[in-house]
């Protein structure tokens with residue numbers, strides 16, 4: 015439980031009906047999907063080591079924040095693991111209340127419990143200050159190649 019009616023928990027199949035995709039759409043392209051496809055994707059992601067947390071406003075039964083942690087198994091560092099944080103977003107109506115920090119703290123805690131030796135993420139320059147406050151430091155350069163069909 016966070017503050018009063020805000021609950022931090024793992025993503026559930028029922029969250030497709032609680033505005034999960036609308037919340038993600040405040041970050042990037044995230045069209046609505048039907049509940050069957052959503053449930054299949056959720057289970058496939060979990061089997062691949064992807065853990066998604068949400069913040070639900072229990073007074074409205076709507077998802078108002080989310081973030082994901084992907085666990086990568088490495089050969090380096092003694093066959094250790096690295097955590098990758100992805101898709102961090104808080105609904106614009108709920109920003110400014112440290113919910114993003116709570117999401118990151120939860121994922122960092124999860125990464126530690128899974129034995130990750132590091133946690134990395136990519137972000138826009140405009141978000142660097144936020145991640146610095148969460149204990150992350152600038153390291154290297156992000157490169158991307160988008161595949162179009």
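Numbering (the working numbering), first residue to last: 15 to 163.
The C-beta atom is built at its ideal place from N, Cα and C for all residues, glycine as well.
This structure is a prediction, so every number in the text was calculated from the model and none was measured.
- For residue 137, the closest of 130, 127, 148 by C-alpha to C-alpha distance is 148.
- Taking each of 66, 61, 20 in turn and checking the Cα distance to residue 72, the smallest one comes out for 20.
- By the Cβ-count criterion, residue 65 is buried, with 16 or more other Cβ atoms from all chains shown falling within 10 Å of its own Cβ.
- Secondary-structure assignment with DSSP links residue 50 through no beta bridge to anything.
- In this structure the region 78-93 lies against the region 110-126, because at least three pairs of beta carbons, one per stretch, are closer than 8 Å.
- In its chain, beyond the 5 residues on either side, 86, 88, 130, 131, 132, 134 have a beta carbon closer than 7 Å to the beta carbon of residue 96.
- Under the DSSP assignment, residue 97 falls in the beta strand (DSSP E) whose first and last residues are 95-104.
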